[in-house]
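Take a look at the structure below.
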Amino acid sequence: MSRLYVARNPKVAARSLDGEMMIMSGRDSTLFTLNKTATILWQSADGTTPLDEIVEHRICNEFEVEPAEALVDAETLARELASHEILQISEEPIPPRNTVAGESR
Amino acid sequence: MPQLASAVERLSLVIEIGGMPVRVRTTDPVFLAMLLERYAGFLAASSERAEIEFDVDLTPSRFADPNAVVRVTQRLGRWTFERGDFRAEWEPVSRTGWIRQTANPYSIDAVLRIVHTLVLARQGGFLLHSASAVRNGKAFLFAGVSEAGKTTISRLAPPDATLLTDEISYVRKLDTGYVAFGTPFTGELAKLGENVSAPIAALYLLAKGSENRIDPLPPGEAVRSLLANLLFFAEDEELVQSTFHSAFEFVSRVPVSRLTFVPDARVWELIG
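Pasting the structure below:
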């Protein structure tokens with residue numbers, strides 16, 4: 001099974017406020033508020049860490065959940081975020097030049 | 001070589017909203033008179049240097065839907081604004097543009113709103129769907145969608161409150177903080193705001209209820225509410241990002257609360 005890599009789309013604006021991550025699509029100005037899992041995924045999406053490692057080291061550590069089950073959920077979430085062009089996903093590492101994220105505080 | 005045609009006389013006026021003078025030129029004296037009446041109170045001396053200049057080309061009346069979706073796009077430094085009832089272009093570098101429309105005051109009003117949102121977006125400011133008023137030297141903004149109560153709260157304003165607008169507030173970020181300016185952009189009240197400005201003391205999200213009360217909003221909800229009420233038209237990633245960050249900056253500096261009110265004048269006892 002191939003590994004999946006995720007990277008933040010540089011064309012979105014992102015800010016964290018009181019632990020809430022908000023993201024606005026540069027394409028159509030749609031505003032998204034990410035839940036905790038999606039926030040972790042967003043923050044970890046550096047284009048070089050495989051999704052299964054993000055799940056194992058960041059998500060499973062935070063939530064008491066089985067890695068296999070968490071990976072399925074994370075993939076679904078990543079694809080959904082990608083459908084809104086918030087994340088880029090690829091079966092190859094995503095070069096850093098494409099992963100300059102919008103400001104995130 | 002003899003001139004083949006004499007120059008067409010261009011008439012002009014300067015409309016100054018939010019401290020930004022915009023010159024509008026036309027060859028039609030009737031249209032000019034219409035604009036002079038429409039923007040009375042927001043006119044600068046015609047000799048004043050304008051920051052933006054528009055030439056208006058009037059076209060014959062035809063069916064056009066002013067409720068059609070507006071499109072604001074940018075290509076190679078030139079903005080294009082389009083709606084059913086007008087088409088306009090504006091080039092920020094030369095500060096000039098043109099508007100093609102019929103002789104009505106609504107189309108140019110929309111163009112002015114658009115161009116102001118574009119200029120403000122680069123300066124950390126914005127136009128907001130909100131009524132606003134000055135009381136005791138401070139500006140208060142009352143935001144909400146249609147029917148939220150913008151017109152009602154404006155009508156209920158006491159005599160010592162100066163109405164800036166009952167529909168669209170003009171917010172600029174200055175070195176001293178955020179300042180609200182009066183606008184000629186009207187809602188149901190159909191009354192132009194006063195052409196004055198004041199530092200913004202609070203933003204209220206309007207809600208009609210059975211009592212008058214003010215409840216501070218958590219920052220996340222404040223940002224979402226602010227963004228939901230911003231006027232923003234441009235299909236432009238850079239401006240979307242700067243407007244997004246401006247909303248956070250505003251919320252970090254200006255108190256944002258929910259104002260629940262019954263429709264009578266006592267609500268103003270809580271304001272100012």
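Going down the list, the sequences are from chains A and B. Those letters in the first sequence? Residues 1 to 105, per my numbering, in order. Those letters in the second sequence? Residues 1 to 272, per my numbering, in order. From the three backbone atoms N, C-alpha and C, an ideal C-beta is built for every residue, glycine too. Just so we're clear, the structure is a prediction, and the values are computed from it rather than from any experiment.
Who are residue i's beta bridge partners in DSSP?
i, result
"histidine 129(B)", "Ile168(B)"
"glutamate 275(B)", "Shown here, chain B extends from 1 to 272; a query on residue 275(B) therefore has no answer."
"glutamine 241(B)", "Glutamine 241(B) is not bridged to any residue."
"leucine 13(B)", "Val24(B)"
"glutamate 221(B)", "Glutamate 221(B) is not bridged to any residue."
"serine 90(A)", "Tyr5(A)"
"glutamate 89(B)", "Thr80(B) and Trp98(B)"
"threonine 49(A)", "None; threonine 49(A) has no bridge partner."
"tyrosine 178(B)", "Lys173(B)"
"threonine 162(B)", "Val134(B)"
Tell me which residues share the same chain as residue i and place their Cβ nearer than 7 Å to its Cβ, disregarding the 5 neighbours each side in the sequence.
i, result
"valine 223(B)", "Ala247, Phe248 and Val251"
"alanine 101(A)", "Confidence in alanine 101(A) is poor, its pLDDT being 48 and thus under 50, which makes the residue's placement too unreliable to answer from."
"serine 90(A)", "Tyr5"
"phenylalanine 232(B)", "Thr117 and Thr243"
"alanine 68(B)", "Arg83 and Gly84"
"arginine 95(B)", "Glu51, Ile52 and Glu53"
"alanine 45(A)", "Val6, Ala7, Arg8 and Leu87"
"leucine 270(B)", "Asn212 and Ile214"
"alanine 82(A)", "Gln88 and Ile89"
"arginine 79(A)", "Ile89"
"threonine 99(A)", "Bear in mind that the predicted position of threonine 99(A) carries a pLDDT of just 48, short of 50, making it unreliable; the figure below should be weighed with that in mind. Same-chain partners within the cutoff: Ala7, Arg8, Pro10, Asp46 and Gly47."
"leucine 34(A)", "Met21, Ile23 and Trp42"
Please list, in chain order, the chain A residues whose beta carbon lies closer than 8 Å to that of residue i.
i, result
"proline 92(B)", "The contacting residues do not exist; proline 92(B) stays about 19 Å from chain A at best."
"phenylalanine 232(B)", "Ser29"
"glutamine 74(B)", "Simply none; closest approach about 13 Å."
"leucine 227(B)", "Met24 and Leu31"
If contacts are defined as beta-carbon pairs under 8 Å, then residue i and residue j qualify, I think. What distance do you get, rounded to the angstrom?
i, j, result
"arginine 25(B)", "leucine 11(B)", "7 Å"
"valine 196(B)", "glycine 125(B)", "Wrong, their Cβ atoms sit about 17 Å apart, outside the cutoff."
"serine 130(B)", "asparagine 212(B)", "Serine 130(B) to asparagine 212(B), Cβ: 18 Å. No contact."
"glycine 182(B)", "leucine 164(B)", "4 Å"
"aspartate 314(B)", "leucine 156(B)", "Any question about residue 314(B) goes unanswered here, given that chain B covers just 1 to 272."
"glutamate 20(A)", "glycine 220(B)", "4 Å"
"arginine 23(B)", "valine 14(B)", "5 Å"
"glycine 77(B)", "proline 92(B)", "7 Å"
"leucine 35(B)", "proline 105(B)", "7 Å"
"aspartate 55(B)", "tryptophan 98(B)", "5 Å"
"valine 70(B)", "alanine 121(B)", "At roughly 15 Å, the Cβ-Cβ gap does not stay under 8 Å, so valine 70(B) and alanine 121(B) are not in contact."
"glutamate 194(B)", "threonine 151(B)", "Not quite, the Cβ-Cβ distance comes to about 17 Å (not below 8 Å), so this is no contact."
"arginine 75(B)", "tyrosine 178(B)", "Actually they do not touch by this definition, with Cβ atoms about 32 Å apart."
Taking C-beta pairs closer than 9 Å, name the residues in chain A that residue i reaches, listed in chain order.
i, result
"proline 219(B)", "Leu17, Asp18 and Glu20"
So, at 6 Å on beta carbons, what are the nonlocal neighbours of residue i in its own chain, with the 5 sequence-adjacent residues on each side left out?
i, result
"glutamate 235(B)", "Thr73"
"alanine 289(B)", "Any answer about residue 289(B) is impossible in this case: the structure gives chain B only from 1 up to 272."
"threonine 48(A)", "Pro93"
"valine 134(B)", "Thr162 and Ala198"
"proline 184(B)", "Tyr39, Phe42 and Leu192"
"arginine 113(B)", "none"
"leucine 71(A)", "Asp52 and Val55"
"tryptophan 268(B)", "Pro158"
"serine 107(B)", "Asp85, Phe86 and Gln101"
"leucine 32(B)", "Leu11 and Thr26"
In chain order, what residues of the same chain have a beta carbon less than 8 Å from the beta carbon of residue i, not counting five sequence neighbours either side?
i, result
"alanine 74(A)", "Thr37, Leu41, Leu51, Ile54, Val55 and Ile59"
"glutamate 85(A)", "Asn9, Lys11, Val12, Ser25 and Arg27"
"proline 255(B)", "Ala201, Ala202, Leu203 and Pro216"
"glycine 209(B)", "Thr260, Phe261 and Val262"
"arginine 266(B)", "Asn212"
"leucine 141(B)", "Leu128, Ser130, Ala131, Ser132, Ser169, Val171, Ala180, Ile200, Ala202, Leu203 and Tyr204"
"glycine 19(B)", "Arg172, Phe181 and Ser197"
"serine 257(B)", "Ala202, Leu203, Tyr204, Leu205, Ile214, Asp215, Pro216 and Leu217"
"asparagine 49(B)", "First, the residue type needs correcting, since residue 49(B) is arginine and not asparagine in the sequence shown. Counting only Cβ-Cβ distances below 8 Å, and skipping sequence neighbours, we find Pro21."
"glycine 144(B)", "His129, Ser130, Lys150, Leu205, Leu206, Ala207 and Asn229"
Chain A partners of residue i, CB-CB under 7 Å?
i, result
"valine 223(B)", "Leu17 and Met22"
Looking at the C-beta of residue i, does it have a partner C-beta in chain E at a distance below 9 Å?
i, result
"alanine 157(B)", "Going by chain labels, chain E is absent from the structure shown, which instead holds the protein chains A and B."
Pull out every residue of the segment 10-26 of chain A whose Cβ sits closer than 7 Å to any Cβ of chain B, in chain order. Lys11, Ala13, Arg15, Leu17, Asp18, Glu20, Met22, Met24 and Gly26
Contact set between the segment 236-247 of chain B and chain A, restricted to residues whose Cβ is under 7 Å from the partner: Glu237, Val240, Gln241, Phe244 and His245
Residues in the segment 76-107 of chain B with C-beta within 9 Å of chain A's C-beta atoms, listed in sequence order? none
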